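The opening residue of the sequence shown carries number 3 in the working numbering; numbering runs sequentially from there. Yeah, the Cβ is synthetic: ideal placement off N, Cα and C, and Gly gets one too. What you are looking at is a predicted structure, and each value in this text was computed from that prediction instead of being measured. So the structure is just underneath, and the comments pick up after that.
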Amino acid sequence: MTGYSVQEVIGRNCRFLQGDDRDQKARVAMKEATEKGEYCKVEIRNYTKSGTLFWSEVILSPVKDEKGLLTNYIGVQTNITRRKEAEIALSMAEQEKHGANQGNTGLVENESFLASIIETIREGLIVLDENIRILSVNDHFCEFFKLNKQEVVGKPLPEMGNGAWNNPALITMLKDVLPLNNPFEGFEITLNFPAIGKKVLKMNARQVTLNGQYLKRTLLAIEDITQRREVEQRKDDFISLASHEMKTPLTNIKGHMQLLKRMAAKNGDKPYLKPLDVALNSVNRLESLVAVLLDADQLKSGAVQFTHHSFDFDELVKEAAEAAQGATKTHHIHVSGLANKVIKGDFFRLEQAVINLLENAVRYSPQSQEVGLHVNVLEDYIKVAITDTGIGINQWEQKKIFERFYRVENVKQHFQGIGIGLYVANENIKQHQGTLWVESEEGRGSVFNFTIPVEK
Ligand code: ADP
C-alpha cells in the first residue's frame with residue numbers, strides 16, 4: 003500500500019507517511035488520542051514512497067496490560083482512495099451542474115479546457131485501453147517520436163517503433179495498472195527507437211477517472227530525461243577522472259615535501275620547517291578530499307568490496323563515538339543505550355557511516371555543546387539515533403541530502419563540506435539491508451536514524 007519495505011518502516015514514526023502534508027486535522031486527532039491512550043479512527047492523506055497520494059482510514063487501538071497500563075498501539079490502515087476520489091468527483095460534478103443550471107456551458111468548456119492543457123504539456127501523453135492498445139496521443143508525443151497521429155491510434159503499444167516499446171518490464175507494469183489498480187511513477191527506462199535513437203525516459207501511469215468513475219483507460223506520461231542523464235554522466239566521469247589523476251601527483255608531492263622537511267631538520271634550516279609544515283597540512287587535506295571523492299566514485303560504480311565479519315555492535319558504536327569525539331573540542335558526544343548484539347557486517351563501513359553522521363551533527367550545531375547517540379533494539383533490528391539541536395533541515399530538502407554532492411541551499415555559504423558524507427553513510431547502511439532517514443525541523447535540530455537487521 004505504501005511502497006515501503008518492512009526494513010524501511012521499522013523504527014519510524016508513522017507521521018512520515020504524511021510527508022509535507024502536515025496541516026491535517028486527522029493528525030491532531032491522532033496525537034490527542036495517543037496522548038490520552040484512547041482509541042481513534044480518522045481519514046488521512048498519506049503518500050507512497052514514490053510520492054503518490056492515497057487516502058487512508060486509520061484505526062488506532064490501545065493495547066493495555068493487566069494493570070490497565072498502555073503498552074502498545076495497534077494501527078489498522080485501509081486504503082480508501084477510490085471512495086475519496088469518488089466523493090470529491092461527485093461534489094465537483096454537483097458544483098458543475100449547479101454552474102450549468104445558472105446558464106453556464108460548464109461541461110463543454112471543461113472539455114476544451116482539458117484538451118488545451120493536454121496539447122500544451124511538454125510531455126508525451128498516451129491513453130491506452132485494457133489491452134494496452136493506443137486510444138489517443140498528444141501532439142508532443144508525435145513530435146518527439148516523429149510519428150503522425152493516424153498511424154499510431156489503434157495500434158498495440160508493443161508493436162510501436164519496430165518493437166522498441168516491447169520491453170517486458172514496461173509491458174508487465176502497464177498491464178497491471180488497470181486490473182490491480184497499480185499506478186506507477188518515476189519509472190526510468192532506456193529504449194532504442196529506430197527514428198530517434200536511444201532515449202532515457204521517465205514514465206508515470208495511472209488509471210483514468212471521469213466524474214468519480216474508473217474508466218478502463220490508462221494514462222501514460224513520458225518525460226525525456228536523456229540529456230539530463232548525459233550531463234550527470236559527464237559530471238561523474240569528470241569527477242572520477244580528476245580524482246584518479248590527482249592521486250599519484252599528490253602522493254609524489256607529499257613524499258618530496260616530507261623528504262625536504264627531514265633534510266631541513268637535519269641541516270638545522272629552522273626557517274623552512276614552519277612553511278613546510280603548513281604546506282604538508284594542506285597536502286594532507288587535499289589527499290583526504292581526493293580519497294573521499296574516490297570512495298564515493300567506487301561506491302557508485304559498485305567497485306567497493308564489503309567484507310562481512312561477526313562483531314559486537316556496541317563495540318562499533320564505542321569506537322565511532324571515540325573517533326568523532328577526538329575530532330571535536332566544542333561538543334560532547336553523549337552515548338546511551340546498548341544493542342547487546344553480535345552482527346555480521348563490514349565494521350569499517352558501518353563505523354564510517356556512524357562517524358559521518360556524528361561529525362555532521364557536530365558541524366551543523368555550532369551553537370550547542372552536545373550531540374546524542376542512542377542505541378536500542380526493536381524486534382529484529384538495531385536502531386541508532388543521532389540527535390543534534392542545530393540548524394535543522396527544511397522539509398523539502400530532507401530527501402535530497404542523501405544524493406551525492408547535494409548541500410542545503412542556505413547552508414553552503416556558512417559551512418564547509420562537499421556533500422558526500424550522507425551519500426556514503428546511506429550506501430554503507432543500505433549494503434547491510436539497513437535504512438537511514440532523517441527527522442528534522444529547521445532551526446531546531448535533526449535526528450538521523452538508521453536501522454540494521456539482526457540475524458534471527
Ligand atoms: P557535507 O556535510 O559535506 O555538505 P553531507 O552529505 O554529509 O555533506 O550532508 C549533505 C548536506 O546535508 C549538508 O551540506 C547539510 O546541508 C545537510 N546536513 C547533513 N547533516 C546535517 C545535520 N545534522 N543538520 C543539518 N543539516 C545537515
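- prompt: Can you tell which of 57, 38 and 90 has the C-alpha that lies nearest to the C-alpha of residue 75?
  reply: As a working mapping, residue 75 is identified with position 73 in the sequence shown. The option with the nearest alpha carbon to residue 75 is 38.
message: Using CA atoms only, rank isn't needed, just tell me which of 428, 195, 434 and 36 is closest to residue 168.
response: Stepping through the sequence shown from its first residue, residue 168 is reached at position 166. For residue 168, the nearest C-alpha among the options comes from 195.
message: Within the continuous beta strand (DSSP E) that includes residue 192, where are the two ends?
response: To locate residue 192, count along the sequence shown from 1; it is residue 190. Residue 192 -> beta strand (DSSP E) spans 186 to 195.
- request: Check whether the segment 303 to 320 touches the segment 272 to 286, counting contact only when three or more Cβ pairs, one atom from each stretch, lie closer than 8 angstroms.
  value: no
message: For residue 383, count the other beta carbons within 10 Å of its own beta carbon; 16 or more makes it buried, fewer makes it exposed. Which is it?
response: Walking along the sequence shown from the start, residue 383 turns up at place 381. So residue 383 counts as buried.
- prompt: Which ranges does the beta strand (DSSP E) cover as unbroken runs of at least 3 residues, wholly within the segment 310 to 365, from first to last along the chain?
  reply: 311 to 314, 334 to 338 and 344 to 347
message: Using a Cβ distance threshold of 8 angstroms, determine whether the segment 245 to 258 contacts the segment 120 to 130, with at least three qualifying pairs required.
response: Contact between the segment 245 to 258 and the segment 120 to 130 is absent, with fewer than three C-beta pairs closer than 8 angstroms.
message: Determine whether the beta carbon atoms of residue 339 and residue 378 lie at a separation below 8 angstroms.
response: Locating residue 339 in the sequence shown gives position 337, where the first residue counts as 1. Locating residue 378 in the sequence shown gives position 376, where the first residue counts as 1. Yes. Within cutoff.
- request: Using three-state DSSP, classify residue 4 as helix, strand or coil.
  value: By one-based count along the sequence shown, residue 4 stands at place 2. Shown here, residue 4 sits in coil according to DSSP, grouped into three states, outside any helix or strand.
- request: Using DSSP bridges, identify the partner residues of residue 376.
  value: Mapped onto the sequence shown, residue 376 falls at position 374. 338 and 387.
field: Residue-chain proximity (residue 252, chain D), Cβ-Cβ < 8 angstroms
entry: No chain D is present in this structure, which holds just one protein chain.
query: In the structure shown, what three-state DSSP assignment does residue 206 receive?
result: Taking the first residue of the sequence shown as 1, we reach residue 206 at position 204. It is a strand residue.
task: Using 10 angstroms around the beta-carbon of residue 258, count the other beta-carbons present and answer buried if the total reaches 16, otherwise exposed.
output: As a position in the sequence shown, residue 258 is number 256, starting the count at 1. By the 10 Å Cβ count, residue 258 comes out exposed.
query: Beta carbon of residue 143, beta carbon of residue 159: below 8 angstroms?
result: One-based indexing of the sequence shown puts residue 143 at position 141. One-based indexing of the sequence shown puts residue 159 at position 157. No, the Cβ-Cβ distance between residue 143 and residue 159 is not below 8 angstroms.
query: Taking the alpha carbon of residue 51 as the point to measure from, which residue in 61, 43, 16 and 30 has its own alpha carbon closest?
result: Translated into positions along the sequence shown, residue 51 becomes position 49. Taking only the C-alpha atoms, the option nearest residue 51 is 16.
- prompt: Are the beta-carbon atoms of residue 294 and residue 422 separated by less than 8 angstroms?
  reply: Within the sequence shown, numbered from 1, the residue matching residue 294 stands at position 292. Within the sequence shown, numbered from 1, the residue matching residue 422 stands at position 420. Yes, they are a contact pair.
query: Name the DSSP beta bridge partners of residue 49, please?
result: Looking up residue 49 in the sequence shown gives position 47. Per DSSP, 55.
message: Run through the DSSP bridge pairs and tell me what residue 76 is partnered with.
response: Taking the sequence shown and counting its residues from 1, one reaches residue 76 at position 74. DSSP output for residue 76 lists 63 as bridge partner(s).
task: Evaluate contact between the segment 220 to 227 and the segment 235 to 246, counting only Cβ atoms and requiring at least three cross-stretch pairs below 8 angstroms.
output: With a cut-off of 8 angstroms, the segment 235 to 246 and the segment 220 to 227 do not count as touching, because too few Cβ pairs lie within range.
- prompt: Can you tell me whether residue 237 is buried or exposed, with buried defined as 16 or more other CB within 10 angstroms of its CB?
  reply: By 1-based counting over the sequence shown, the position of residue 237 is 235. By the 10 Å Cβ count, residue 237 comes out exposed.
message: Please classify residue 387 as buried or exposed, where buried requires at least 16 other C-beta atoms within 10 Å of its C-beta.
response: For this step, residue 387 is matched to residue 385 along the sequence shown. Flag for residue 387 reads buried.
- request: Kindly give me the distance between the Cβ atoms of residue 53 and residue 190, rounded to whole angstroms, as I take these residues to be in contact under 8 angstroms.
  value: Indexing the sequence shown from 1 puts residue 53 at position 51. Indexing the sequence shown from 1 puts residue 190 at position 188. 15 angstroms between Cβ atoms; not a contact.
CB contact flag (residue 136, residue 165, <8 angstroms): The sequence position of residue 136 within the sequence shown is 134, counting from 1. The sequence position of residue 165 within the sequence shown is 163, counting from 1. Not a contact, by the Cβ cut-off of 8 angstroms.
Assigned secondary structure, residue 159 (DSSP; H/G/I helix, E/B strand, else coil): For this step, residue 159 is matched to residue 157 along the sequence shown. DSSP places residue 159 in helix when its eight states are reduced to three.
task: Compute every distance between the C-beta of residue 448 and the non-hydrogen atoms of ligand 1, then say whether any falls below 7 angstroms.
output: Taking the sequence shown and counting its residues from 1, the one referred to as residue 448 is at position 446. Closer than 7 angstroms to some heavy atom of ligand 1: that describes the Cβ of residue 448.
message: Out of 440, 20 and 357, which one is the CA nearest neighbour of residue 335?
response: Within the sequence shown, the letter at position 333 stands for residue 335. The shortest Cα separation from residue 335 among 440, 20 and 357 belongs to 357.
- request: Taking 8 angstroms as the cut-off, decide whether the C-beta atoms of residue 14 and residue 398 are in contact.
  value: As a position in the sequence shown, residue 14 is number 12, starting the count at 1. As a position in the sequence shown, residue 398 is number 396, starting the count at 1. No, these two residues do not count as a Cβ contact at 8 angstroms.
Selection from 448, 445, 441 and 454 that minimises the alpha carbon distance to residue 22: Position 20 of the sequence shown, counted from the first residue, corresponds to residue 22. Checked all of 448, 445, 441 and 454; the closest Cα to residue 22 is 441.
task: Please name the residue in 446, 354, 134 and 364 whose C-alpha comes closest to that of residue 209.
output: On the sequence shown, residue 209 is found 207 positions in, with the first residue counted as 1. The candidate whose alpha carbon is nearest that of residue 209 is 134.
query: Is residue 363 near ligand 1, with its Cβ less than 7 angstroms from a heavy atom?
result: Residue mapping note: residue 363 aligns to position 361 of the sequence shown, counting from 1. Yes; taking the cut-off as 7 angstroms, the Cβ of residue 363 has a heavy atom of ligand 1 nearer than that.
field: Sequence-distant residues of its chain with Cβ nearer than 6 angstroms to residue 82 (five each side left out)
entry: The residue labelled residue 82 in the question sits at position 80 within the sequence shown. Cβ neighbours of residue 82 beyond the five flanking positions: 57 and 59.
query: Do you know offhand how far residue 392's Cα is from residue 93's?
result: Walking along the sequence shown from the start, residue 392 turns up at place 390. Walking along the sequence shown from the start, residue 93 turns up at place 91. Going by the C-alpha atoms only, they are around 46 angstroms apart.
query: CB of residue 408 to nearest heavy atom of ligand 1: below 7 angstroms?
result: Taking the first residue of the sequence shown as 1, we reach residue 408 at position 406. It does: the Cβ of residue 408 is within 7 angstroms (strictly closer) of some heavy atom of ligand 1.
task: Could you name the residues of the same chain whose beta carbon sits closer than 6 angstroms to that of residue 3, not counting the 5 residues immediately before and after it, in chain order?
output: Here residue 3 refers to the residue found at position 1 when the sequence shown is read from its first residue. If we look at residue 3 and ignore the five residues flanking it on each side, its Cβ neighbours are 81.
Stretch-stretch touch, CB-based, cutoff 8 angstroms, three pairs: the segment 172 to 181 with the segment 139 to 153: no
- prompt: Helix, strand or coil for residue 148 per DSSP?
  reply: Taking the first residue of the sequence shown as position 1, residue 148 is located at position 146. DSSP places residue 148 in coil when its eight states are reduced to three.
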